[in-house]
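Asks:
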Amino acid sequence: MKNDDEMVGRVLTRREAIKLLSAVGFAALVGCGPENVAEESVTQVTNTAAPPTTLPPTTTIPDPTTAFAEATNVVPNCVVRPALTEGPYFVDERLNRSDIRSDPTDGSVREGAPLLLAFNVSQISAAGCTALPGAIVDVWHCDARGVYSGVVDRSFDTTGQKFLRGYQETDANGRAQFLTIYPGWYNGRAVHIHFKIRTALDNPSHEFTSQLFFDEAYTDQVYRQEPYAGTGQRTVLNSQDGIFRQSGEQLVLTVTEGSNGYVASFDIGLDMT
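Just so we're on the same page, my numbering is the position in the sequence shown counted from 1, plus 74.
1. May I have a chain-ordered list of the beta strand (DSSP E) segments no shorter than 3 residues that lie completely inside the segment 276-329?
2. Output the distance between the C-alpha atoms of Asp217 and Gly202, rounded to the nearest integer angstrom.
3. Throw me the rounded Cβ distance for the Gln242 and Val211 pair, which I believe falls under 8 angstroms.
4. DSSP three-state label for Phe237, please.
5. What does the alpha-carbon distance come out to for the pair Glu113 and Thr305?
6. Just to confirm my understanding: we take Ile267, look at its own chain, exclude 5 residues before and 5 after, and list those with CB closer than 7 angstroms. What are they?
7. Below 6 angstroms CB to CB, which residues in the same chain sit around Ala250 once its five sequence neighbours on both sides are set aside?
8. Short of 6 angstroms in beta carbon distance, which residues of its chain neighbour Lys270, apart from the five on each side in sequence? Order them along the chain.
9. Does Pro156 come out as helix, strand or coil in the three-state DSSP assignment?
10. Please report the residue range of the beta strand (DSSP E) in which His266 lies.
11. Count the other C-beta atoms from every protein chain shown that fall within 10 angstroms of the C-beta of Gln299, then say buried if there are 16 or more, exposed otherwise.
12. Return the residue from the list Val221, Trp259 and Arg219 that minimises the CA-CA distance to Val310.
13. Where Tyr163 and Val153 are concerned, what is the direct C-alpha to C-alpha distance, given to the nearest angstrom?
14. My output table needs one value for Val211: the three-state DSSP class, helix, strand or coil.
15. If Val326 and Asp289 are in contact, beta carbons under 8 angstroms, what's the gap, nearest whole angstrom?
16. Can you give me the C-alpha to C-alpha distance between Gly186 and Ile255, rounded to a whole angstrom?
17. Using a threshold of 9 angstroms, state whether the C-beta atoms of Ile174 and Asp345 are closer than that.
18. Who pairs with Ala201 in a beta bridge, going by DSSP?
19. Tell me Leu253's beta-bridge partners as DSSP assigns them.
20. What did DSSP end up calling Val221 once you bin it into helix, strand or coil?
21. Measuring only the C-alpha atoms, how far is Asp276 from Thr293?
22. Is it buried or exposed, Ser333, if we count other Cβ atoms within 10 angstroms and call 16 or more buried?
23. Less than 9 angstroms between the beta carbons of Val165 and Ser223, yes or no?
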């Protein structure tokens, strides 16, 4: 398992971003956050691993075209976000796919509430704030029972499995989107999703790693459903998670409920100087 907490590249501080954007005459929303990277302890997952499940034929998923219809003309938002630790469960599988719910080794699909997650990636440079096309956005997280794929842990061994992992390349508008599930929980951490943004798969000139979190009220709502309801009461809330506290709530997703699942988008501006 890999636990490389070193961030390559950085995000701008509030002072730096305001100075830069004022100089080029571009107004933007700039969030401030700590520049140090929190270290994530290698907490052991105590939930019992469950075998992959096949999505029932009656299960419907959100329509990406409908869910993101209002965002077809994306205006870059240079929102500076804090970097957070990569954690111990990153595996560079290089799976180029938008739907990350399945395990390509056997075609099984992880059970859970569908979640459409979109990233709007922009770059802050001397020229201002513009969409960042061609960036590699990696996403990985645990399943509804707190299990990650492709790793060995005290309570599970998912070596060779690749569910809930994948990357997409941002389009001309700096946009990348994924179809996944609402993540589960495990001891020692609040509910979260990991992400990494690179300018290239090999030898990237810039790399940024962080994590996304969820509003507690939405998580409570989702966790009343199966398969989440059968995993017991989660032990760590956002306010109790040391890594979450490093983010100053700037990494909490705004989630909306659609007719067939949940939808969230995330704006981030990267310092490319």
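For each residue, glycine too, the CB sits at the ideal point set by N, CA and C.
Replies: This is what the structure holds:
1. 281-287
2. If you take the alpha carbons of Asp217 and Gly202, they lie about 39 angstroms apart.
3. 5 angstroms
4. Coil at Phe237, not helix or strand.
5. Bear in mind that the predicted position of Glu113 carries a pLDDT of just 41, short of 50, making it unreliable; the figure below should be weighed with that in mind. The alpha-carbon atoms of Glu113 and Thr305 are separated by roughly 27 angstroms.
6. Val213, His215, Pro257, Gln285 and Leu286
7. If the five residues before and after Ala250 are omitted, its C-beta is found closer than 6 angstroms to the C-beta atoms of Phe193, Val211, Gln242 and Thr244, all from its own chain and listed in chain order.
8. Asp212 and Thr283
9. coil
10. His266 to Arg272
11. exposed
12. Of Val221, Trp259 and Arg219, the smallest CA-CA separation from Val310 is found for Trp259.
13. 27 angstroms
14. Reduced to three states, the DSSP call for Val211 is strand.
15. 6 angstroms
16. 5 angstroms
17. no
18. According to DSSP, which records beta bridges pairwise, Ala201 is partnered with nothing at all.
19. Paired residues: Asp173 and Leu190.
20. coil
21. 36 angstroms
22. Exposed, since its Cβ has fewer than 16 Cβ neighbours within 10 Å.
23. yes
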